[in-house]
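Peer 1: The sequence shown: position 19 = 1390 (my numbering), numbered continuously.
Got a structure here, written out as structure tokens. Questions coming.
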Amino acid sequence: MSVDWVGYGYAALVASGGVMGYVKAGSVPSLAAGLLFGGIAGFGAYQISNDPNNVWVSLGASGTLAGIMGKRFYGSRKFMPAGLMAGASLLMVGKLGMTLLQKPQES
């Protein structure tokens, strides 16, 4: 069983982004969304750690965040925080997509 360190790091980045949004701007929706999506991404990383082919929760969370934050980045053209989260989410979607495209490991 291998641990999905990239997935846990991504979950921590999402959750800490929500906390930073609350601390800097007092944004409760940012805190709620960050903790919700960070928790979902953390659960997805836990699932991938137990079964490397079970990427659906992580893929859903990172794909949703890529779309939402990508739209926000397109409208604002500000890298922080929307561009950073859109980029990290796209990288995560790419990593998970590559996992889906690989042949299953025979044991």
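We put the CB at the ideal spot given by N, CA and C, even for glycine.
1) Note the first and the last residue of the continuous alpha helix (DSSP H) segment covering Arg-1332.
2) What's the gap between the Cα of Lys-1466 and the Cα of Ala-1437?
3) Measuring straight from C-alpha to C-alpha, what distance separates Tyr-1417 and Ser-1398?
4) Could you work out which residue in Leu-1384, Ile-1411, Ser-1387 is closest to Gly-1431 when comparing CA atoms only?
5) Exposed or buried, which one is Val-1385 when buried takes at least 16 other CB atoms within 10 Å?
6) For Ser-1401, count neighbouring Cβ atoms within 10 angstroms of its own Cβ and tell me buried if that reaches 16, exposed if not.
7) Would DSSP call Gly-1468 helix, strand or coil?
8) Please return the same chain residues whose Cβ sits closer than 7 Å to the Cβ of Gly-1434, not counting the five positions on each side in sequence.
9) Alpha carbon to alpha carbon, how far is Gly-1446 from Pro-1452? Give it in angstroms, no decimals.
10) Around the C-beta of Ser-1373, are 16 or more other C-beta atoms found within 10 angstroms, so that it is buried, or is it exposed?
11) Roughly how many angstroms lie between the CA atoms of Lys-1449 and Phe-1408, to the nearest whole one?
Peer 2: The short version:
1) Outside the modelled stretch of the chain, which goes from 1372 to 1478, sits residue 1332, for which no answer is possible.
2) 13 Å
3) 28 Å
4) Ile-1411
5) Buried, by the Cβ-count rule.
6) buried
7) helix
8) The residues Val-1464, in chain order, have a CB closer than 7 Å to that of Gly-1434 in the same chain once the five nearest residues on each side in sequence are set aside.
9) For Pro-1452 and Gly-1446, the distance between alpha carbons rounds to 13 Å.
10) Taking a 10 Å sphere around the C-beta of Ser-1373, we find fewer than 16 other C-beta atoms and assign the residue as exposed.
11) 21 Å
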